[in-house]
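In our numbering, the protein residues as written are 566 to 664.
Using N, Cα and C, we set each Cβ at its ideal position, and we do this for glycine too.
The structure appears right after this line, and notes come after that.
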């Protein structure tokens with residue numbers, strides 16, 4: 566089993582979860598609404614996918630307030646950053662072997 570596809574992470578491979586991970590990889594943390602708008606999903610979709618990523622240990626969900634308004638922030642864990650990097654490397658290896 567040397568084909569690079571075996572290194573793909575099934576949790577990250579979903580297009581929505583991959584997009585969430587890519588958005589979070591570019592920052593220390595991001596507000597829920599920013600991720601929702603960037604990935605172009607609804608609140609319930611982002612909430613469900615973020616919960617799956619949190620359960621896998623890839624994303625940390627933090628709740629707090631800005632003034633009197635509740636806010637939710639998402640960030641990649643150290644393990645999440647490593648898993649995302651490995652997944653992207655596997656995708657690159659697949660495309661490099663395609664030709």
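Per DSSP, residue i forms a beta bridge with which residues?
i	result
residue 631	634
residue 626	639
residue 595	639
Please go through the same chain and pick out, in chain order, the residues whose beta-carbon is closer than 7 Å to the beta-carbon of residue i, but skip the five residues on each side of it.
i	result
residue 573	652, 655
residue 584	604
Given this structure, state the Cα-to-Cα distance separating residue i from residue j, to the nearest angstrom.
i	j	result
residue 663	residue 636	44 Å
residue 599	residue 582	15 Å
residue 640	residue 661	30 Å
residue 613	residue 587	17 Å
residue 590	residue 627	16 Å
Can the beta-carbon of residue i be found closer than 9 Å to that of residue j?
i	j	result
residue 576	residue 648	yes
Comparing the C-beta of residue i with each C-beta of chain C, is any distance below 9 Å?
i	result
residue 623	Given the protein chain composition of this structure (a single chain), no chain C is represented.
In chain order, what residues of the same chain have a beta carbon less than 6 Å from the beta carbon of residue i, not counting five sequence neighbours either side?
i	result
residue 597	637
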